[in-house]
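So the structure is just underneath, and the comments pick up after that.
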Amino acid sequence: MKLTLHIWRQKNTEDRGRFATFELEDVSTHMSFLEMLDVLNHELIEKGDEPVAFEHDCREGICGACGFVINGVPHGHMKGNTVCQLHMRHFSDGDEITLEPWRAKAFPITKDLVVDRTSFDRILQAGGYVSVRTGSAPDANAIPVTTDTLEHAMDFAECIGCGACVASCPNGAAMLFVGAKISHLALLPQGQPEKARRALKMVEAMEREAFGACTNFTSCEATCPKEISISGIARMNKDFRRAVLAGAAAPHGKQR
Amino acid sequence: MKLDARIPSGPLAEKWQGLLNEIKLVSPANKRKHTVIVVGTGLAGGAAAASLGELGYKVKAFCYQDSARRAHSISAQGGINAAKNYQNDGDSVYRLFYDTIKGGDYRAREANVYRLAEVSNEIIDQCVAQGVPFAREYGGYLANRSFGGAQVSRTFYARGQTGQQLLLGAVSALNAQVAAGTVDLNIRTEMLDLVVVDGHARGIITRDMVTGEVECHVADAVLLCTGGYSNVYFLSTNAKGCNVTAIWRAYKKGAGFAGPCFTQIHPTCIPQAGDYQSKLTLMSESLRNDGRVWVPKAEGETRAPSDIPEAERDYYLERIYPSFGNLVPRDVASRNAKNVCDEGRGVGSSKRGVYLDFADAIERLGEDVIRARYGNLFDMYQMITDEDPYKVPMRIYPAPHYTMGGLWVDYYLMSTIPGLFVLGEANFSDHGANRLGASALMQGLADGYFVIPNTLGEYLARVKLDEVSPEQKEFTEARNEIQDRTKKLLAINGTRTVDSIHRELGMLMLDECGMSRNEKGLTEAISKIRSLREQFWTDIRVPGSDGEFNQELEKAGRVADLFELAELMCMDAIQRNESCGGHFREEYRTEEGEALRDDENFTNVTVWEYTGADSAPVAHTEDLNFEFVELTQRSYK
Chain A
1 MKLTLHIWRQ KNTEDRGRFA TFELEDVSTH MSFLEMLDVL NHELIEKGDE
51 PVAFEHDCRE GICGACGFVI NGVPHGHMKG NTVCQLHMRH FSDGDEITLE
101 PWRAKAFPIT KDLVVDRTSF DRILQAGGYV SVRTGSAPDA NAIPVTTDTL
151 EHAMDFAECI GCGACVASCP NGAAMLFVGA KISHLALLPQ GQPEKARRAL
201 KMVEAMEREA FGACTNFTSC EATCPKEISI SGIARMNKDF RRAVLAGAAA
251 PHGKQR
Chain B
257 MKLDARIPSG PLAEKWQGLL NEIKLVSPAN KRKHTVIVVG TGLAGGAAAA
307 SLGELGYKVK AFCYQDSARR AHSISAQGGI NAAKNYQNDG DSVYRLFYDT
357 IKGGDYRARE ANVYRLAEVS NEIIDQCVAQ GVPFAREYGG YLANRSFGGA
407 QVSRTFYARG QTGQQLLLGA VSALNAQVAA GTVDLNIRTE MLDLVVVDGH
457 ARGIITRDMV TGEVECHVAD AVLLCTGGYS NVYFLSTNAK GCNVTAIWRA
507 YKKGAGFAGP CFTQIHPTCI PQAGDYQSKL TLMSESLRND GRVWVPKAEG
557 ETRAPSDIPE AERDYYLERI YPSFGNLVPR DVASRNAKNV CDEGRGVGSS
607 KRGVYLDFAD AIERLGEDVI RARYGNLFDM YQMITDEDPY KVPMRIYPAP
657 HYTMGGLWVD YYLMSTIPGL FVLGEANFSD HGANRLGASA LMQGLADGYF
707 VIPNTLGEYL ARVKLDEVSP EQKEFTEARN EIQDRTKKLL AINGTRTVDS
757 IHRELGMLML DECGMSRNEK GLTEAISKIR SLREQFWTDI RVPGSDGEFN
807 QELEKAGRVA DLFELAELMC MDAIQRNESC GGHFREEYRT EEGEALRDDE
857 NFTNVTVWEY TGADSAPVAH TEDLNFEFVE LTQRSYK
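Those sequence lines, one after another, are chains A and B.
Per our numbering, residue 1 is the first one in the first sequence, and the count goes up by one each step.
Per our numbering, residue 257 is the first one in the second sequence, and the count goes up by one each step.
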């Protein structure tokens with residue numbers, strides 16, 4: 001099939017950026033979306049032009065590297081999908097497709113469709129872990145965990161950190177991402193000792209970045225490739241509120 | 257090249273503890289004076305950097321991805337082995353050790369593999385404490401599944417994304433150390449050379465992938481945890497960015513490269529669909545627990561699978577290997593798939609595929625049970641192929657997946673360059689000529705959490721290192737060389753894309769140095785690789801400049817190294833006149849067509865020494881002394 005692609009081109013973070021239009025012929029329906037871009041880049045390089053920069057690595061939907069906005073929707077219109085798993089059979093001959101990077105203040109554009117998501121890692125570094133020194137763990141079966149609890153935690157642990165939630169949110173909020181990590185650990189017995197501190201630290205770190213606040217649009221849940229539930233946001237708010245009221249931050253200063 | 261494995265004396269089961277009892281230690285006050293570089297943030301690198309940071313070392317960690325969490329370990333699906341014996345099915349440390357040694361076709365070092373089995377249980381404990389949500393049974397205790405090459409159920413798993421959960425655990429530990437200030441984490445930074453001063457590894461040269469800046473980093477020890485080189489085949493299950501550059505540059509600086517021809521072609525991947533294909537997707541081996549592999553009995557069969565009656569199907573693994581059936585090790589399963597396709601009995605449009613059929617399992621257990629076990633894998637399969645595996649059998653075909661070969665290391669995980677340690681898939685140490693499923697995650701974490709925190713201290717406590725500066729000539733020369741090479745790549749300005757020529761290299765390697773090899777084909781492959789390499793250096797086009805985010809430039813540098821590696825792989829495959837594990841030489845097989853080892857001449861590891869661009873590398877051998885295990889012809893019948 002034949003496609004017309006409108007792709008955001010931006011040389012670096014300082015550049016203003018603009019759309020460029022490309023025509024692509026003979027696109028196979030079995031191709032993945034990224035393979036379609038590989039073909040485009042191959043043609044561009046052979047013509048002596050600059051290829052389109054886009055992030056990708058595993059191409060199996062698990063590393064979370066890939067992602068851009070396709071016709072206004074992060075990762076495209078298929079539900080529960082990353083761009084690398086989107087196939088061209090879901091498009092039709094003659095389609096016009098617009099590709100843009102994640103648009104969010106907290107994700108500066110590095111080049112073309114590539115953005116800087118280090119703000120996510122700074123939030124995780126603030127408290128997204130269980131502090132357990134290597135070698136100090138008890139036997140893995142020491143604490144039973146019911147399958148329901150386990151599966152619920154796993155539903156949140158599946159987050160791949162791609163940033164689609166932020167890109168889809170009109171406020172550019174990161175709360176689905178943060179709520180997922182907080183919920184994953186807060187649901188498990190191993191996450192209990194640091195539960196309050198974790199919620200405080202992560203929410204504060206999130207607020208230091210240029211993310212917006214949640215106003216319940218729920219577009220994050222709708223576009224999340226792992227279909228993570230916004231109930232994680234509710235849990236984050238609850239844990240944070242409790243931590244503040246209980247003065248959990250006390251030994252580390254008076255943040256609140 | 258001196259190859260002293262430094263295996264501790266004593267009975268097998270006491271070697272590791274004996275070493276820990278006597279090993280030299282670095283005092284807490286002195287640890288913070290040592291800078292340690294860790295390259296790669298997968299399971300091995302992430303676990304090592306976190307654990308060394310906890311101990312108080314000054315760690316500088318590097319990854320090429322935009323976040324440590326995206327290292328390729330994240331893609332591992334099936335699980336991680338441990339000898340917990342939670343199933344009461346007779347498992348033990350010895351049995352895990354034995355299965356791993358046997359699975360590797362007796363081409364790994366006994367002591368290393370025993371240690372791996374020994375620390376496997378601690379890994380599970382550590383991961384659970386970090387919040388890794390391993391699958392559990394209704395009573396709340398941990399569940400296990402079976403994997404190829406074992407007759408016990410010892411694999412721990414987290415749905416079909418065990419690697420993801422283990423990596424998120426390791427990276428969360430790493431993040432805690434970044435917050436504590438012990439680890440300086442450098443993302444989007446690619447190691448382009450190793451710096452050796454007075455015979456010791458003292459630093460690395462990196463390129464900042466956003467600004468293009470080439471930088472020198474000084475340290476007292478360097479740990480390479482940079483994974484494998486399956487991307488030499490272009491189409492593989494590895495992430496697109498996986499590459500050999502870090503260990504290849506170390507090889508060129510004097511580190512021995514062991515068993516480069518030992519590669520694993522994984523039996524259960526989705527077959528290639530077209531010429532544009534960019535990578536192959538693995539379907540976890542755990543599927544072979546419930547799926548039955550078959551092809552039509554007749555050549556050139558055109559009917560749909562559902563129209564082929566039972567009597568006209570050949571469940572060839574069950575037929576040939578009645579005791580292991582569909583759960584034979586990976587090398588055996590792959591080779592047999594290739595054989596039936598070579599016979600003209602392959603399925604799918606390319607005829608390079610076999611069926612993996614769940615109809616019996618669904619009838620026996622119900623669709624819900626199968627969905628609970630493999631739901632995400634079935635979804636992924638349907639997404640890619642547009643076929644519903646609950647109704648139509650999956651089509652699978654082998655794909656390059658893992659490389660057992662890698663830099664040679666001793667029992668302390670130190671390479672032939674003092675101060676250069678190699679962990680995880682990047683080293684050669686534990687899987688011999690074939691890796692069993694669910695062992696890669698185990699090895700990466702064993703090396704990172706439990707081995708290197710102990711063995712690194714031994715080196716640092718013993719060695720006397722002078723101060724070095726990034727301004728001294730070893731560093732500046734290496735930096736200049738890197739900058740010159742980059743300029744050279746950009747100046748070629750030919751007609752071909754890097755991918756197009758990489759694809760050609762990959763097809764050649766898969767044909768001649770893949771599942772089946774012979775001397776003639778390998779010899780011809782070497783000359784073809786050379787002429788292709790010549791084309792690469794004269795006809796590729798790398799657009800853009802050095803001082804910017806330039807993905808084509810990154811690719812070109814990596815592929816240039818893969819070309820050199822490809823030649824060494826073929827040389828290694830030619831000299832190993834036997835068939836073992838994933839290395840199947842057509843000249844050496846039993847009457848039944850199975851791999852025929854030559855234990856008299858090849859119970860050893862071949863270690864290659866680089867001698868310069870214009871001279872052939874020299875092969876050395878480390879003899880493998882099996883003190884505790886009796887070598888048998890591997891049989892899964």
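We put the CB at the ideal spot given by N, CA and C, even for glycine.
May I have the straight-line CA-CA distance separating residue i from residue j, to the nearest angstrom?
i: Ser-871 of chain B; j: Thr-558 of chain B; result: 52 Å
i: Ser-899 of chain B; j: Met-698 of chain B; result: Since the first residue shown for chain B is 257 and the last is 893, residue 899 of chain B is missing from the structure and cannot be characterised.
i: Lys-254 of chain A; j: Met-236 of chain A; result: In this prediction, Lys-254 of chain A has a pLDDT of 49, which is less than 50 and means its spatial position is unreliable; nothing more can be read from the coordinates.
i: Val-798 of chain B; j: His-87 of chain A; result: 28 Å
i: Ser-606 of chain B; j: Pro-74 of chain A; result: 34 Å
i: Ile-618 of chain B; j: Phe-884 of chain B; result: 43 Å
i: Asp-464 of chain B; j: Ala-869 of chain B; result: 27 Å
i: Arg-651 of chain B; j: Leu-676 of chain B; result: 43 Å
i: Arg-256 of chain A; j: Leu-761 of chain B; result: Only weak support exists for where Arg-256 of chain A lies, its pLDDT of 42 falling under 50; the coordinates are left without a value.
i: Ala-269 of chain B; j: Leu-880 of chain B; result: 18 Å
i: Ala-173 of chain A; j: Pro-51 of chain A; result: 31 Å
i: Val-388 of chain B; j: Glu-204 of chain A; result: 25 Å
i: Leu-200 of chain A; j: Cys-836 of chain B; result: 56 Å
Report the three-state DSSP secondary structure of residue i (helix, strand or coil).
i: Gly-459 of chain B; result: strand
i: Ser-605 of chain B; result: coil
i: Thr-149 of chain A; result: helix
i: Thr-877 of chain B; result: strand
i: Pro-449 of chain B; result: A small fix is needed here, since residue 449 of chain B is Asp in this sequence, not Pro. Reduced to three states, the DSSP call for Asp-449 of chain B is strand.
i: Leu-24 of chain A; result: strand
i: Lys-254 of chain A; result: Only weak support is given to the placement of Lys-254 of chain A: the predicted model assigns it a pLDDT of 49, under 50, and the question is left unresolved by the model.
i: Ser-32 of chain A; result: strand
i: Met-670 of chain B; result: strand
i: Arg-363 of chain B; result: coil
i: Ala-173 of chain A; result: strand
i: Thr-742 of chain B; result: helix
i: Trp-272 of chain B; result: helix
i: Asp-355 of chain B; result: helix
i: Asp-112 of chain A; result: coil
i: Ala-324 of chain B; result: helix
i: Ile-521 of chain B; result: strand
i: Tyr-897 of chain B; result: Outside the displayed range of chain B (257 to 893) lies residue 897 of chain B, so it cannot be described from this structure.
i: Cys-207 of chain B; result: Residue 207 of chain B is absent from the structure shown; chain B starts at 257 and stops at 893.
i: Phe-634 of chain B; result: helix
i: Glu-619 of chain B; result: helix
i: Gly-80 of chain A; result: coil
i: Lys-316 of chain B; result: strand
For residue i and chain D, any beta-carbon pair shorter than 7 Å?
i: Met-88 of chain A; result: The chain inventory of the structure shown lacks chain D, comprising the protein chains A and B.
Assuming residue i and residue j form a contact by the criterion Cβ under 8 Å, report the distance between their Cβ atoms to the nearest whole angstrom.
i: Ile-503 of chain B; j: Pro-654 of chain B; result: Not confirmed; about 24 Å, so no contact.
i: Leu-430 of chain B; j: His-876 of chain B; result: Not a contact, Cβ separation roughly 36 Å.
i: Asp-322 of chain B; j: Glu-55 of chain A; result: 7 Å
i: Ala-682 of chain B; j: Gly-483 of chain B; result: 6 Å
i: Asn-337 of chain B; j: Thr-418 of chain B; result: The pair is not a contact, with the Cβ atoms about 11 Å apart (cut-off 8 Å).
i: Leu-5 of chain A; j: Thr-29 of chain A; result: With a Cβ gap of about 16 Å, Leu-5 of chain A and Thr-29 of chain A do not count as contacting.
Could you tell me if the beta carbon of residue i falls within a distance shorter than 6 Å of some heavy atom in the ligand MG?
i: Val-203 of chain A; result: In the structure shown, the ligand MG is absent, as is every other ligand, since no ligand is present at all.
Checklist entry - What residues from the segment 39 to 73 of chain A come within 9 Å of chain B, judged by C-beta to C-beta, listed N to C? => result Within the segment 39 to 73 of chain A, the qualifying residues are Val-39, Asn-41, His-42, Leu-44, Ile-45, Glu-46, Gly-48, Asp-49, Glu-50, Pro-51, Ala-53, Phe-54, Glu-55, His-56, Asp-57, Cys-58, Arg-59, Glu-60, Gly-61, Ile-62, Cys-63, Gly-64 and Ala-65.
Checklist entry - What are the complete alpha helix (DSSP H) segments, minimum 4 residues, inside the segment 825 to 888 of chain B? => result Taking only runs of at least 4 residues, the alpha helix (DSSP H) segments lying wholly in the segment 825 to 888 of chain B are 855 to 858.
Next on the checklist: Please list, in chain order, the residues of the segment 136 to 155 of chain A that have any C-beta partner in chain B closer than 7 Å.
Outcome noted: Hits within the stretch, in order: Ala-137, Pro-138, Asp-139, Ala-140, Asn-141, Pro-144, Val-145, Thr-146, Thr-147, Leu-150, Ala-153 and Met-154.
Checklist entry - Name the residues in the segment 182 to 193 of chain A whose C-beta lies less than 8 Å from a C-beta of chain B; which are they? => result Correct list: His-184, Leu-185, Leu-188, Gln-190 and Gly-191.
Next on the checklist: Quick check for students: name the residue ranges of the beta strand (DSSP E) that lie wholly in the segment 650 to 728 of chain B, counting only runs of 3 or more.
Outcome noted: Within the segment 650 to 728 of chain B, the complete beta strand (DSSP E) runs of at least 3 residues are 650 to 659 and 676 to 678.
Checklist entry - Closer than 7 Å, Cβ to any Cβ of chain A: which residues of the segment 784 to 818 of chain B, in chain order? => result For the segment 784 to 818 of chain B, the residues whose beta carbon sits under 7 Å from a beta carbon of chain A are, in order, Arg-797, Pro-799, Gly-800, Glu-804, Phe-805, Gln-807 and Glu-808.
Checklist entry - Going along the segment 688 to 712 of chain B in order, which residues come within less than 8 Å of chain A, judged by CB to CB distance? => result Listed by position along the chain: Tyr-705, Phe-706 and Pro-709.
Checklist entry - the segment 487 to 501 of chain B: which residues have C-beta closer than 7 Å to a C-beta of chain A, in chain order? => result Going along the segment 487 to 501 of chain B in chain order, one finds Ala-495, Lys-496 and Gly-497 with a Cβ nearer than 7 Å to chain A.
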